[in-house]
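Chemist: Chains as they are written, first to last, in my numbering: chain A, 1 to 188; chain B, 1001 to 1188; chain C, 2001 to 2188; chain D, 3001 to 3188. Cβ coordinates follow ideal geometry from the N, Cα and C atoms, glycine included. Note that the coordinates shown come from a computational prediction; the quantities given were computed from them, not determined experimentally.
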DNA sequence: CATGAATGAGCGTTCATTCAT
DNA sequence: GATGAATGAACGCTCATTCAT
């Protein structure tokens, strides 16, 4: 099957899915997503074979988006802690800037429709983040933990931090700081 | 008085719900839950006014169960690190012993049917855990973070650790150890 | 089967049914009726074998109540028009005084659960009213109409009049008058 | 454009609803209506958002149908009584010709799902009938009654007459006559 | 390819009636 | 007899997916 006509429509569907999942969770009807995207009900299935396929694609897209944001503008020359802080800030800022994406991603993360395969791909994306943030292991037993575990822990702390930043924006900076410190200690 | 409402049936429904949510997520049909519990479809609604009510009750029950397991047999006299390690071990063991409960709890935690009120109650339960584990803050900026945030971060690391322990049981002990160390460093 | 214990309970159920049907129509749950009557769910079925049986009994009771009210205090010696006006006034006053009964009766009148047998019995009750109101037929073709038809027409005009009196109480007297006049002309 | 919404199907649903309501009252299951209309269960909801919406639309449609039938072929030049008799005959004939519609309309008329708004629209339709039948008020107190009341009374007598015509068709003509006379006297 | 009507299995919940206590 | 929990068929409505246009 040739690639469907319009990349624009594909993107519109993905963007609409973000908003729909943010508001209604993974139970958001495909009809609603299509409507928000400005395409017909059935057209959604031209671009994604099933609702699951859409969700899997979206999950990866959001992970990539998040990772790219976190790594954006990374100063090549800077001492390690500064780099780490930069990545962390970027990451948290992404969540604050695009709360719908953040929420959609969180909801997709726990939804059965996202397959193990997809999750594995996503993990690989995240491991790069972890890799960049991980200092040379000096001591402690976390150093022997597989990268996947480190990445997952880091990610879960990040998620929690984002939650608090979004729920209580007045102290956003404070949570951001505390979250970073937690991760930093964990890793060092 | 007529046949009294049976605690046994109530428990059977809750237990059935655990299994059903473990397998099918919060979308698990009430009919399935009832069937697994060995009661009629409509009887479920004698014990819980709505599916939501059932889920909220179950969420609290599972949190309480988990907290109780974590705090079980806490040695009164022991130095702090030992106590912490004990709690952490209990906690992880609970997840390994009752993976369905663990999974159901995780799924309920991200489901819209669980209300803010219920979450607030649950948080209070978990804060006790955090309180017991929290060492006297000596330095660092985590010390100024509200207890809720500390509890949430700790919980998220625990969840991640459980995931790895359940997915890769062969290295369960290793993850348990690494997770503990992460939390320990974070807090100290 | 002996008559059930308490006539009081039977009456309480009937009275509760009036209120429930007034508010919810014939779809009112038996459980609600029982609750309003202050008896247990199942007890209702000790006094009335089925919901239908309850409704049929209530229908007759209300018709009787209405007819009795209409004929109450009928002056033995008075010219015909005066008697008729008296009956009509009584009738309308009943509706105004007991709007729930009136509404319940109206709702039961169009409900399938009330059987033809019951309706026939009710008609006999109403025919007495018609008989008392019917002047000696002098002319016109209504004179040849069967009493049942006359009674039914009279009843339908009365129902309509009641509706307007209850909906627009400010002009109640006016509608009462106009309704009476309509019936009077019809019959004379 | 995709398959357009079919007026044929819409009509089939309305017609099926007439039959279903005639037989089972407003409690008729939507599934039954859909089946009788030869469409899928869910298709009914493509044409009418809810069961209530269907009932409201049907109520208006039937009222319009009835009014149109009553006014059909009204001789332009004829003395007043003759015109009135013509309308009345048409009206009664409609009931005899389409007893299911008549019955469905009667049942819908007392059903809570038909809203006040719909009833108001229906009243406007019926007032035209009343207007055409109302002779120039010469005397009596009905002349001061609002048109709505006159229309309602006329309608209720018509309904009663229809009932007798349908229940006892052998004397249909007789009831038709007597009903007309009743209305005529009432109004004149 | 785009459209949106058509499909029908599936869901949460209700309720008349029964029956264990 | 009184109670109210138990039952399970039934209902209105949704929604992923298909397919006629």
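1. Would you grab the beta carbon distance between residue 3070 (chain D) and residue 3090 (chain D) for me? Rounded to a whole angstrom, and I think it's under 8 Å.
2. Quick check for students: name the residue ranges of the alpha helix (DSSP H) that lie wholly in the region 101-139 of chain A, counting only runs of 4 or more.
3. Cα separation between residue 2017 (chain C) and residue 2033 (chain C)?
4. Leaving aside the five residues before and after residue 1176 (chain B) along the sequence, list all residues of the same chain whose C-beta is less than 8 Å from its C-beta, in chain order.
5. Compare the beta carbon distance of residue 1151 (chain B) and residue 1126 (chain B) with 7 Å and say whether it is the shorter of the two.
6. Hey, quick one: how far does the alpha helix (DSSP H) through residue 3016 (chain D) stretch, first residue to last?
7. Report the rounded CA-to-CA distance for residue 2044 (chain C) versus residue 2025 (chain C), giving the unit in angstroms.
8. Does any residue of chain D have a CB that is nearer than 7 Å to the CB of residue 2145 (chain C)?
9. Hey, would you say residue 48 (chain A) sits closer than 7 Å to residue 114 (chain A), going by beta carbons?
10. Does the Cβ of residue 1053 (chain B) lie closer than 6 Å to at least one heavy atom of the ligand GTP?
11. Buried or exposed: residue 3011 (chain D), going by 16 or more other Cβ atoms within 10 Å of its Cβ?
12. Alpha carbon to alpha carbon, how far is residue 2171 (chain C) from residue 3080 (chain D)?
13. With a threshold of 7 Å between beta-carbons, can residue 2165 (chain C) be considered close to chain D, or not?
14. Given that residue 2159 (chain C) touches chain D, what residues does it touch there, using C-beta distances under 7 Å?
15. Given a limit of 9 Å on CB to CB distance, which residues of the region 3101-3122 of chain D reach chain C?
16. What whole-angstrom Cβ distance do residue 2095 (chain C) and residue 3145 (chain D) have, given they're in contact under 8 Å?
17. So which of C:2006, C:2041, C:2068 has the shortest CA-CA distance to residue 1189 (chain B)?
18. What does residue 3025 (chain D) touch in chain C if you count any residue whose Cβ is under 8 Å from its own?
19. With DSSP collapsed to three states, give me the class of residue 42 (chain A).
20. Please tell me whether residue 2153 (chain C) has its Cβ less than 7 Å away from any Cβ of chain D.
21. How long is the line joining the alpha carbons of residue 57 (chain A) and residue 3104 (chain D), rounded to whole angstroms?
22. Taking CB distances under 7 Å as the criterion, tell me whether residue 2186 (chain C) reaches chain D.
23. Going along the chain, which residues of its own chain have a beta-carbon closer than 8 Å to the beta-carbon of residue 2185 (chain C), five neighbours each way excluded?
24. At 4 residues or longer, what runs of the alpha helix (DSSP H) sit wholly inside the region 2031-2093 of chain C?
25. What's the C-alpha gap between residue 149 (chain A) and residue 1155 (chain B)?
26. Measure the alpha-carbon distance for residue 1038 (chain B) versus residue 1067 (chain B) and round it to whole angstroms.
27. Report all residues from its chain with a CB closer than 8 Å to the CB of residue 181 (chain A); omit the five preceding and five following residues, and keep chain order.
28. Measure the C-alpha to C-alpha separation of residue 2084 (chain C) and residue 2075 (chain C) and round it to an integer number of angstroms.
29. Go ahead and pull the three-state DSSP assignment for residue 2151 (chain C).
30. For the putative contact between residue 122 (chain A) and residue 63 (chain A), defined by C-beta atoms under 8 Å, what is the C-beta separation to the nearest angstrom?
31. I want to verify the contact list: residues of chain D whose CB lies under 7 Å from the CB of residue 2067 (chain C), in sequence order.
32. Quick one: what does DSSP say residue 2168 (chain C) is sitting in, helix, strand or coil?
33. Run through chain B and tell me which residues come within less than 7 Å of residue 59 (chain A), C-beta to C-beta.
34. Quick check on residue 3003 (chain D): does DSSP put it in helix, strand or coil?
Modeler: Quick answer:
1. For this step, residue 3070 (chain D) is matched to residue 70 along the fourth chain. For this step, residue 3090 (chain D) is matched to residue 90 along the fourth chain. The pair is a contact, with the Cβ atoms about 5 Å apart (cut-off 8 Å).
2. 116-133
3. Taking the first residue of the third chain as position 1, residue 2017 (chain C) is located at position 17. Taking the first residue of the third chain as position 1, residue 2033 (chain C) is located at position 33. Going from the Cα of residue 2017 (chain C) to the Cα of residue 2033 (chain C) covers about 5 Å.
4. By one-based count along the second chain, residue 1176 (chain B) stands at place 176. Answer for residue 1176 (chain B): 1088, 1089, 1092, 1161, 1165, listed in chain order.
5. Locating residue 1151 (chain B) in the second chain gives position 151, counting from the first residue. Locating residue 1126 (chain B) in the second chain gives position 126, counting from the first residue. For residue 1151 (chain B) and residue 1126 (chain B), yes; Cβs fall inside 7 Å.
6. Within the fourth chain, residue 3016 (chain D) is the residue found at index 16, counting from 1. Here the alpha helix (DSSP H) through residue 3016 (chain D) covers 3007-3024.
7. Residue 2044 (chain C) sits at position 44 when you count from the first residue of the third chain. Residue 2025 (chain C) sits at position 25 when you count from the first residue of the third chain. Each residue's alpha carbon lies about 18 Å from the other.
8. Indexing the third chain from 1 puts residue 2145 (chain C) at position 145. Yes - at least one Cβ of chain D is within 7 Å of the one on residue 2145 (chain C).
9. On the first chain, position 48 is the one that residue 48 (chain A) refers to. On the first chain, position 114 is the one that residue 114 (chain A) refers to. Against a cut-off of 7 Å, the Cβ pair of residue 114 (chain A) and residue 48 (chain A) comes out as no contact.
10. What this structure holds is no ligand at all, so the ligand GTP is not there to describe.
11. One-based indexing of the fourth chain puts residue 3011 (chain D) at position 11. That one is exposed.
12. As a position in the third chain, residue 2171 (chain C) is number 171, starting the count at 1. As a position in the fourth chain, residue 3080 (chain D) is number 80, starting the count at 1. One C-alpha to the other measures close to 31 Å.
13. Start at 1 with the first residue of the third chain, and residue 2165 (chain C) comes out as number 165. No, because no Cβ of chain D sits closer than 7 Å to the Cβ of residue 2165 (chain C).
14. By 1-based counting over the third chain, the position of residue 2159 (chain C) is 159. Within 7 Å Cβ-Cβ: 3156.
15. 3106, 3107, 3109, 3110, 3111, 3112
16. Here the question's residue 2095 (chain C) lines up with position 95 in the third chain. Here the question's residue 3145 (chain D) lines up with position 145 in the fourth chain. About 18 Å; that fails the 8 Å criterion.
17. Outside the displayed span of chain B (1001 to 1188) sits residue 1189 (chain B), for which this structure offers no information.
18. One-based indexing of the fourth chain puts residue 3025 (chain D) at position 25. What residue 3025 (chain D) touches in chain C: 2111, 2112.
19. Your numbering for residue 42 (chain A) matches position 42 in the first chain. Residue 42 (chain A) falls in the helix class under three-state DSSP.
20. Position 153 of the third chain, counting from 1, holds the residue named residue 2153 (chain C). Interface residue, yes.
21. As a working note, residue 57 (chain A) is residue 57 in the first chain. As a working note, residue 3104 (chain D) is residue 104 in the fourth chain. One C-alpha to the other measures close to 52 Å.
22. Within the third chain, numbered from 1, the residue matching residue 2186 (chain C) stands at position 186. With 7 Å as the cut-off, residue 2186 (chain C) counts as an interface residue toward chain D.
23. Counting from 1 along the third chain, the entry for residue 2185 (chain C) is found at position 185. Hits under 8 Å: none found.
24. 2044-2047, 2051-2071
25. Your numbering for residue 149 (chain A) matches position 149 in the first chain. Your numbering for residue 1155 (chain B) matches position 155 in the second chain. Computed Cα separation, rounded: 16 Å.
26. Taking the first residue of the second chain as position 1, residue 1038 (chain B) is located at position 38. Taking the first residue of the second chain as position 1, residue 1067 (chain B) is located at position 67. Cα to Cα, residue 1038 (chain B) sits roughly 29 Å from residue 1067 (chain B).
27. For the purposes of this step, residue 181 (chain A) is identified with residue 181 of the first chain, where counting begins at 1. Within the same chain, residue 181 (chain A) has no close Cβ partners at all.
28. If you number the third chain from 1, residue 2084 (chain C) lands on position 84. If you number the third chain from 1, residue 2075 (chain C) lands on position 75. If I take the Cα positions, the gap works out to 10 Å.
29. Here residue 2151 (chain C) is taken as the residue at index 151 of the third chain, counted from 1. Of the three classes helix, strand and coil, the one that applies to residue 2151 (chain C) here is helix, per DSSP.
30. Taking the first chain and counting its residues from 1, one reaches residue 122 (chain A) at position 122. Taking the first chain and counting its residues from 1, one reaches residue 63 (chain A) at position 63. Contact flag correct, Cβ pair sits at about 5 Å.
31. Here residue 2067 (chain C) refers to the residue found at position 67 when the third chain is read from its first residue. By Cβ distance, chain D contributes nothing, its closest Cβ being about 18 Å from residue 2067 (chain C), past 7 Å.
32. For the purposes of this step, residue 2168 (chain C) is taken as the residue at position 168 of the third chain. If DSSP states are grouped into helix, strand and coil, residue 2168 (chain C) belongs with coil.
33. Against the first chain, residue 59 (chain A) aligns to sequence position 59. In chain order: nothing, as chain B lies at least about 14 Å away.
34. Start at 1 with the first residue of the fourth chain, and residue 3003 (chain D) comes out as number 3. Residue 3003 (chain D): coil per DSSP, three-state reduction.
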